[in-house]
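Colleague: I am attaching a structure below and will ask some questions about it afterwards.
Residue numbers (this note's numbering): 18 to 166.
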């Protein structure tokens, strides 16, 4: 009985420590999150899958999902899951440069789209970088939270 209690307490301690682990470092399903964003977030135009590698230099070992608007809006989704935080930092810098370039261009011809770009959901969650340009930022944040914890 004494051994059983010792074993039980040891297992409970291991489980409680595991529950305190860093959830943001878990691998995020980039394809799944990208698809969920296209399906659940409101966009003004139809979103179509694109190759993220055409817009960003993706680190080796990363996975990505990307979608862009079929219409004249600047709506887009980029989800890149990297193998480590160093790669995620590099992807975030590249994404920021892309976003800055698009915002500058939109400011010349589509001021309302520049505003949408300025209010984009853009963050790093552990080793996953997410950019979602939409007016429906509340839903986008909720969907992302489901995937990254």
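All C-beta atoms in this analysis are idealised placements derived from N, C-alpha and C, irrespective of residue type, glycine included.
#1: Would you check if the stretch 74-83 and the stretch 42-61 touch, i.e. whether three or more CB-CB distances between them fall below 8 Å?
#2: Distance check for residue 146 and residue 157, CA to CA, integer angstroms please.
#3: Taking only beta-carbon atoms, is residue 57 less than 8 Å away from chain C?
#4: Spell out the partners DSSP gives residue 45 in its beta bridges.
#5: Going by DSSP, what residues sit across from residue 141 in a beta bridge?
#6: Could you tell me the alpha carbon to alpha carbon distance between residue 62 and residue 119, rounded to whole angstroms?
Modeller: Working from what's here:
#1: Yes, the stretch 42-61 touches the stretch 74-83.
#2: By 1-based counting over the chain shown, the position of residue 157 is 140. By 1-based counting over the chain shown, the position of residue 146 is 129. C-alpha separation (whole angstroms): 14 Å.
#3: Looking for chain C here will not work: only one protein chain is present.
#4: In the chain shown, counting from the first residue as 1, residue 45 sits at position 28. DSSP, once it has assigned bridges, lists no residue as partnering residue 45.
#5: Here residue 141 refers to the residue found at position 124 when the chain shown is read from its first residue. When DSSP reads this structure, residue 141 sits in a beta bridge with 146.
#6: In the chain shown, counting from the first residue as 1, residue 62 sits at position 45. In the chain shown, counting from the first residue as 1, residue 119 sits at position 102. If you draw a straight line from the Cα of residue 62 to the Cα of residue 119, it comes to about 17 Å.
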